[in-house]
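Student: One structure, pasted below without further comment.
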Amino acid sequence: NAGVMQNPRHLVRRRGQEARLRCSPMKGHSHVYWYRQLPEEGLKFMVYLQKENIIDESGMPKERFSAEFPKEGPSILRIQQVVRGDSAAYFCASSLTRDTDTQYFGPGTRLTVL
Amino acid sequence: GQQLNQSPQSMFIQEGEDVSMNCTSSSIFNTWLWYKQDPGEGPVLLIALYKAGELTSNGRLTAQFGITRKDSFLNISASIPSDVGIYFCAGQTNAGKSTFGDGTTLTVKP
């Protein structure tokens, strides 16, 4: 059973460009969570999605950031017009159910904005 | 918002020593989780705790879910070099999202 997959593992963008981060959850999991991690800090919740629905986006910046989890295909975290402060590791996690079910994390995408 | 206070921030120990780290919160969580993160990788789940007062072991690791649901500790016995890494606690509510501590960086000297 393959784990959570994320790609790319590393992404370099210049200021003003768009970044698209992909996450394929574990097989059978329909709940996806995105977290951001700055150096030497813990993970900070961004958004929680279930197939085709955004359940909780309380951790998402109001502008430039969006997320989707279509019926078919991976979940996408999209950052428009990136700025240097967007440089971080972005992790995706998936779970089988919502409630208190365990979230399993992917290896992350390290975004560097030049 | 919910916050977790994790301590200590870092630890330097000799191989074979025992380690203890803990997390406290002003909020109640339904689930406490302990993760380990190696450089360049995502967090890997070590132990999950679902009931207040629960004490769970996984090999040399032992964790407990506090009675008040506001704290948890993780113990590592007889540390070995591969225990090196960053350990995170996380609290989870039934709303789905997890709140993470800022981590404990463990260094083990052979």
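Chains as they are written, first to last, in our numbering: chain A, -13 to 100; chain B, -12 to 97. Each residue gets a CB set at the ideal place from its N, CA and C atoms; glycine is no exception. All values reported here derive from a predicted model rather than from experimental measurement.
1) Chain B beta carbons: is any one of them nearer than 8 Å to that of A:E43?
2) Can you tell me whether A:D87 is helix, strand or coil according to DSSP?
3) DSSP has B:Q24 in a bridge; who is on the other side?
4) Does the segment -10 to -3 of chain B come within contact of the segment 43 to 54 of chain B, defined as at least 3 CB pairs closer than 8 Å?
5) Can you tell me the Cα-Cα spacing of B:F16 and B:G90, whole angstroms?
6) Does B:P30 come within less than 8 Å of chain A when only Cβ atoms are used?
7) Where does B:G78 fall in DSSP's three states?
8) Run through DSSP, which three-state label would B:D58 get?
9) How is A:R(-5) classed by DSSP in three states: helix, strand or coil?
10) Quick check on B:Q1: buried or exposed, where buried means 16 or more other Cβ atoms within 10 Å of its Cβ?
11) Over what stretch of residues does the beta strand (DSSP E) that includes B:L9 continue unbroken?
12) Have a look at A:G14 and A:E58 and give me their C-alpha separation to the nearest angstrom.
13) Tell me, please, which residues DSSP counts as bridged to A:I41.
14) So the candidates are A:R(-5), A:G2, A:R6 and A:D72; which of them puts its Cα closest to the Cα of A:S61?
15) Taking C-beta pairs closer than 9 Å, name the residues in chain A that B:S(-6) reaches, listed in chain order.
16) CA-CA distance, B:F60 and A:G2?
17) Counting only the same chain and skipping the five closest in sequence on each side, list residues whose C-beta sits under 8 Å from that of B:S85.
18) Can you tell me whether DSSP reads A:R8 as helix, strand or coil?
19) Tell me, which residues are paired with A:R0 by DSSP?
20) For B:G53, count neighbouring Cβ atoms within 10 angstroms of its own Cβ and tell me buried if that reaches 16, exposed if not.
21) To which residues of the same chain is B:G33 closer than 7 Å at the C-beta, ignoring the five residues directly before and after it?
22) Helix, strand or coil for A:R50? Go by DSSP, reduced to three states.
Tutor: By the coordinates alone:
1) Taking the first residue of the first sequence as 1, we reach residue 43 of chain A at position 57. Taking Cβ atoms only, chain B never reaches closer than 8 Å to A:E43, which makes this a no.
2) The residue you call residue 87 of chain A lines up with position 101 of the first sequence. The answer is coil: DSSP assigns A:D87 none of H, G, I, E or B.
3) Reading the second sequence from its first residue, position 37 is the one you call residue 24 of chain B. According to DSSP, which records beta bridges pairwise, B:Q24 is partnered with B:I73.
4) no
5) For the purposes of this step, residue 16 of chain B is taken as the residue at position 29 of the second sequence. For the purposes of this step, residue 90 of chain B is taken as the residue at position 103 of the second sequence. Answer to the nearest angstrom: the Cα atoms are 18 Å apart.
6) Translated into the one-based positions of the second sequence, residue 30 of chain B becomes position 43. With 8 Å as the cut-off, B:P30 counts as an interface residue toward chain A.
7) Against the second sequence, residue 78 of chain B aligns to sequence position 91. Strand.
8) Here residue 58 of chain B refers to the residue found at position 71 when the second sequence is read from its first residue. Reduced to three states, the DSSP call for B:D58 is strand.
9) Stepping through the first sequence from its first residue, residue -5 of chain A is reached at position 9. Coil.
10) Taking the first residue of the second sequence as 1, we reach residue 1 of chain B at position 14. B:Q1 is exposed by the Cβ-count criterion.
11) Here residue 9 of chain B refers to the residue found at position 22 of the second sequence. Residue identity differs from the one stated: residue 9 of chain B is Asn in this sequence, not Leu. Residues V6 to S12.
12) For this step, residue 14 of chain A is matched to residue 28 along the first sequence. For this step, residue 58 of chain A is matched to residue 72 along the first sequence. Each residue's Cα considered, the two are about 13 Å apart.
13) On the first sequence, position 55 is the one that residue 41 of chain A refers to. None, per the DSSP bridge assignment.
14) Looking up residue 61 of chain A in the first sequence gives position 75. Answer by Cα proximity: A:R6.
15) Here the question's residue -6 of chain B lines up with position 7 in the second sequence. Here the premise fails: no neighbours, minimum Cβ distance about 13 Å.
16) Here residue 60 of chain B corresponds to residue number 73 of the second sequence, with the count starting at 1. Here residue 2 of chain A corresponds to residue number 16 of the first sequence, with the count starting at 1. If I take the Cα positions, the gap works out to 43 Å.
17) Here residue 85 of chain B refers to the residue found at position 98 of the second sequence. If we look at B:S85 and ignore the five residues flanking it on each side, its Cβ neighbours are L20, A77, G78 and Q79.
18) In the first sequence, the residue the question calls residue 8 of chain A occupies position 22. Three-state DSSP puts A:R8 in a strand.
19) Position 14 of the first sequence, counted from the start, is the residue given in the question as residue 0 of chain A. Answer is none; A:R0 lacks a bridge partner.
20) Within the second sequence, the letter at position 66 stands for residue 53 of chain B. Flag for B:G53 reads buried.
21) The residue given as residue 33 of chain B occupies position 46 in the second sequence. In the sequence as presented, Gly is not what sits at residue 33 of chain B; that position holds Leu. Excluding sequence neighbours, B:L33 sits near W21, Y22, K23, N45 and L48.
22) Residue numbering aside, residue 50 of chain A sits at position 64 when the first sequence is read from its first letter. Three-state result, A:R50: coil.
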